[in-house]
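Read the structure below first, then the notes.
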Amino acid sequence: ESEEAQKLGLEIIKHMRDYTDKMSEIYSLNFSLLATPAAGLSGRFVQMDKARYGVIPGVTDKEYYTNSVHIPVSYMISAYKKIQLEAPYHELCNAGHICYVELDGDPSDNLEAFESVVRCMKDCGIGYGSINHPVDRDPVCGYIGIIGDVCPCCGRREGEALTPEMHKEIIAKNRLGGP
973 ESEEAQKLGL EIIKHMRDYT DKMSEIYSLN FSLLATPAAG LSGRFVQMDK ARYGVIPGVT
1033 DKEYYTNSVH IPVSYMISAY KKIQLEAPYH ELCNAGHICY VELDGDPSDN LEAFESVVRC
1093 MKDCGIGYGS INHPVDRDPV CGYIGIIGDV CPCCGRREGE ALTPEMHKEI IAKNRLGGP
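If you count by the working numbering, then the sequence shown holds residues 973 to 1151, one letter each, in order.
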């Protein structure tokens, strides 16, 4: 949230990397620094800390901790700024790292913006990047993709029941290998 916090974060991770490098040299083993631990532990650790320390506002009052060197998903920040802030950590984490960017809407509606995010990741030195975007699933026909107001497979609207005619059409499309 500040330049001072970013500087401290980088100093901490640099110290950890220096230590793993030192241990690698001392023991002639390949110690390395991993930036992305198992995501499942993020929720488990909150529950363990909540049981031990109670509810601490801003700490254990949530469903999960933000893991690795990620900026919390709830933090309002542009994709480009998030990439720029997380990128310096990738160079320090030689066992692995990832940068996630969350996009709204269908990325195929704005391919230039999508490509711009990918290029920003490359230019900033992101070693492994992922762009997440919404994907819908129609609970009736099973279509998976972006669904606006109407499912492109069955023509059903949100909350609308599937008519027998629509059901027959879906079955026929699936047999014929349709969309």
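We treat Cβ as the ideally placed atom computed from N, Cα and C, and that holds for glycine.
Computed from a predicted model, the values in this text were never measured in an experiment.
Cross-strand partners of residue i (DSSP beta bridge)
i	result
Arg1109	Ile1116
Tyr1072	Ser1102
Val1122	Arg1129
Closest by C-alpha distance to residue i, when choosing among the options
i	options	result
Tyr1061	Tyr999, Glu1137, Thr1008 and Val1122	Thr1008
Ala1144	Arg1129, Cys1113 and Phe1003	Cys1113
Phe1003	Val1122, Leu1064 and Val1027	Leu1064
Gly981	Ser1088, Leu1057, Val1031 and Cys1123	Leu1057
Met988	Ala1067, Asp1078 and Gly1099	Ala1067
Gln978	Ala1023, Ala1059 and Tyr991	Ala1059
Glu973	Gly1077, Lys1054 and Lys1140	Lys1054
Gly1015	Asp1033, Leu1006, Tyr999 and Leu1001	Asp1033
Glu1130	Lys1140, Met1138, Pro1111 and Glu1141	Pro1111
Ala1051	Asp1076, Gly1030 and Thr1038	Asp1076
Alpha helix (DSSP H) segment containing residue i, residue limits
i	result
Glu1130	Taken as a continuous stretch (DSSP letters only), Glu1130 belongs to no alpha helix (DSSP H), as it is neither H nor E.
Leu1134	Segment: none, Leu1134 is in no alpha helix (DSSP H) and carries neither H nor E.
Glu973	Premise fails: Glu973 is in no alpha helix (DSSP H) and is neither H nor E.
Cys1096	Leu1083 to Cys1096
Inset, instruction - State whether the segment 1118 to 1134 contacts the segment 1095 to 1108, with contact taken as three or more CB pairs (one from each stretch) at a distance under 8 Å. - result: yes
Legend entry - Entirely enclosed beta strand (DSSP E) segments - the segment 987 to 1063, minimum 3 residues: none
Inset, instruction - Examine the Cβ distances between the segment 1033 to 1049 and the segment 1067 to 1074 and report whether three or more of them are shorter than 8 Å. - result: yes
Legend entry - Contact between the segment 1084 to 1091 and the segment 1121 to 1131 (3+ Cβ pairs under 8 Å): no
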